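Working notes for the structure below.
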Amino acid sequence: MRAVLLVIRGVWISLVLLWAFVSYGARRAARWRLALEDKERLRGEVMARAFERLGATFIKFGQILSTRPDLLGPGYIAPLSRLQDQVEPAKWKAIAAVLAAELGPERRARIVDVDPTPVAAASVAQVHRATLDTGEVVALKIQRPGVHRLIHGDLSILGFWARVVSVIPSMRPLSLRGSVEQFGVSLAGQLDFRLEAQNNRRFAAMFAGWDGLAVPRLHDALCTERVLTMEFVDGVKGSEPDAVGGDRARLARLGADAILKMVFTDGFVHADLHPGNIILTDDGRVVFIDLGMVAEIPKDLMRPWTTTFLALGQQNAAEVARLLYIYSPRVAKVDYDAYERALEDHFARFHGKPLGEVEIADVVGGVMNILRRYRITIDSSFTVVNIALLVAEGLGKQLDPSLDVVQRAVPVLFKAAASASAGIAPRREIPARSSA
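For the sequence shown, the working numbering gives the first residue as 174, with consecutive numbering after it.
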């Protein structure tokens with residue numbers, strides 16, 4: 174029966190993806206004079222609609238792709254980044270059965286009341302407000318029934334289609350096969366909530382001495398592979414900054430400094446970091462939630478990345494070009510002089526501007542476009558760092574327009590670069606310069 178269902182699902186996915194290709198071809202033929210970015214946007218829109226029709230696994234895959242501006246142009250990124258992992262909640266009866274099976278009668282009895290209407294429902298799990306026998310209000314994160322089987326089946330099918338699409342020459346630069354494999358490892362890890370609990374404890378230890386920075390406190394005795402029981406955090410999501418009261422400037426500094434610590438001091442980063450996963454509480458706390466996806470920056474890459482970001486902050490185009498080139502996992506045959514000049518032209522736009530007027534999004538976005546143009550790939554940990562810094566800047570400036578994330582980052586970067594190990598050896602040398 175399982176094999177039959179997998180075949181049916183595979184046929185449905187294949188039909189949706191085939192229709193997407195046909196739809197793109199028809200729309201492209203109708204607008205054959207489109208500029209490159211418009212062609213990319215058309216592909217991205219068709220891809221995003223297909224992923225929405227295919228459901229949770231594909232929506233998450235699209236979200237991951239939207240974080241790789243080194244692989245995809247801005248035309249792809251915009252529609253994919255709008256994908257939302259919001260689904261209809263599972264019936265309470267089915268969710269209650271998972272809760273009972275995971276906790277058993279004795280531990281289940283400690284939960285005296287559960288609101289059957291979830292406060293949040295996503296593809297892997299939904300969250301319910303509940304009350305313990307102690308009177309404490311908690312959040313129950315409960316895995317949706319059948320999601321493990323569905324996701325593993327979808328990953329097999331997605332892998333097959335990635336191999337098929339990779340045969341098309343124009344799609345090879347997207348590195349879809351590698352992206353699917355990496356995505357599969359990440360998503361499979363999210364199915365075991367015990368790993369999320371481990372991440373939670375590690376973040377709690379990292380910020381133990383910080384006043385006003387927290388992650389939800391776990392009730393370890395009520396946590397299993399498919400259920401997490403934790404402190405219920407009341408507050409405003411970072412996606413609604415206008416509703417935040419209190420000392421907004423302090424919250425902005427606190428959040429930015431916490432993200433800088435994650436990235437450059439500990440190398441352990443919330444990999445699903447967006448404003449919706451940051452809660453700003455009435456008592457002045459910044460709380461990071463939904464800790465299932467993390468990225469650990471390899472220790473041997475910490476020095477290359479810190480020195481690269483220092484060079485970015487100093488607008489040193491030649492050094493940025495050199496570092497990204499020599500540490501790239503893979504480069505095409507490239508005109509290095511043209512590549513370096515492109516970076517110099519990009520940084521020239523910011524010359525003479527105070528650091529506070531230079532936005533990370535503008536600097537890094539332009540660098541990513543140049544890397545993609547010259548087909549110079551970067552380690553995925555670099556994109557995690559980029560996203561974290563963009564969230565720090567974007568949310569921070571909404572709370573406090575005067576916040577200067579670059580200025581706050583510089584001393585952290587110098588300290589991290591000085592304390593990091595030597596790191597990996599460069600993967601290649603700069604090509605010999607042509608003589609004048």
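For each residue, glycine too, the CB sits at the ideal point set by N, CA and C. This one's a predicted model, so the numbers in the text were calculated from it and none came from an experiment.
Got a sec? Which residues, its chain only, sit under 7 Å from residue i by beta carbon, not counting five neighbours each side?
i    : result
A494 : Y512, E513 and L516
A293 : Q299 and V300
E225 : I232 and L256
T454 : V406, D407, G408 and V460
R283 : L305, D306 and L395
E532 : E566
Quick one, are the C-beta atoms of residue i and residue j less than 8 Å apart?
i    : j    : result
P448 : S412 : yes
F356 : F234 : yes
G183 : E213 : no
L474 : S554 : yes
R476 : G596 : yes
V260 : L227 : no
V287 : L313 : yes
A534 : L433 : no
I499 : R601 : yes
L331 : T230 : yes
G277 : P252 : no
F366 : C396 : yes
G419 : G457 : yes
G569 : A425 : yes
A295 : L446 : no
For residue i, which of the options has the nearest alpha-carbon?
i    : options                   : result
P291 : I284, T307, V300 and V285 : V300
A429 : L572, R222, G183 and V338 : L572
V436 : F224, L586, A221 and R281 : L586
D384 : I603, R423, I560 and N372 : R423
A387 : H321, E369, I462 and L474 : I462
G440 : I470, A425 and G457       : I470
A303 : S554, D508 and V400       : V400
V536 : V579, P574, L446 and A370 : V579
Q363 : T402, V297 and S239       : V297
L427 : Y249, A565 and L253       : A565
L360 : G486, T550 and V320       : V320
V358 : G217, H325, A370 and V340 : H325
P599 : L496, D552, G567 and E279 : L496
I549 : R503, P289, M403 and L563 : R503
P604 : G248, V507 and R322       : V507
S339 : V353, A274 and R374       : V353
A269 : R317, A223, D306 and R222 : R317
A273 : I315, I452 and E530       : I315
M466 : P584, D415, Q371 and M379 : Q371
Start and end of the beta strand (DSSP E) containing residue i?
i    : result
R302 : A298 to L305
L453 : I451 to L453
A468 : V467 to E469
F437 : No beta strand (DSSP E) contains F437, which DSSP labels as neither H nor E.
V388 : Looking at the DSSP string, V388 is not in any beta strand (DSSP E), and its letter there is neither H nor E.
V459 : V459 to F461
Output needed for residue i: all residues of its chain with C-beta closer than 6 Å, excluding positions within five of it in sequence on either side, in chain order.
i    : result
V557 : V442, A444 and A468
F520 : Q488 and A490
E309 : none
L483 : L586
P574 : none
Does DSSP put residue i in a helix, a strand or coil?
i    : result
F380 : coil
T480 : helix
K264 : coil
D407 : coil
K526 : coil
Q316 : strand
L120 : The structure shown does not extend to residue 120, since the chain is modelled only from 174 to 609, so the question has no answer here.
A593 : coil
D286 : strand
L549 : A small correction: the amino acid at residue 549 is Ile; Leu does not occupy that position in the sequence shown. Three-state result, I549: strand.
E279 : helix
L256 : coil
L360 : helix
A496 : Reading off the sequence shown, one finds Leu at residue 496, where the question assumed Ala. In the structure shown, L496 sits in a helix (DSSP, three-state: H, G or I).
L401 : strand
V531 : coil
V310 : strand
A270 : helix
A692 : Given a span of 174 to 609 for the chain in the structure shown, any question on residue 692 remains unanswerable.
Within its chain, find whatever has a CB closer than 8 Å to the CB of residue i; leave out the 5 residues flanking it on each side and keep chain order.
i    : result
T479 : F437, L586, A589, A590 and A593
W334 : I186, S187 and L190
Could you check whether the Cβ of residue i sits closer than 7 Å to any heavy atom belonging to the ligand MG?
i    : result
V180 : Among the ligands in the structure shown, none appear at all, so the ligand MG cannot be discussed.
Just to confirm the assignment, what range does the alpha helix (DSSP H) spanning residue i have?
i    : result
F520 : Y509 to A521
H321 : V320 to V338
L568 : S553 to L572
R425 : The question names Arg, but residue 425 is Ala in the sequence shown. A425 -> alpha helix (DSSP H) spans R421 to L433.
Q236 : A229 to L238
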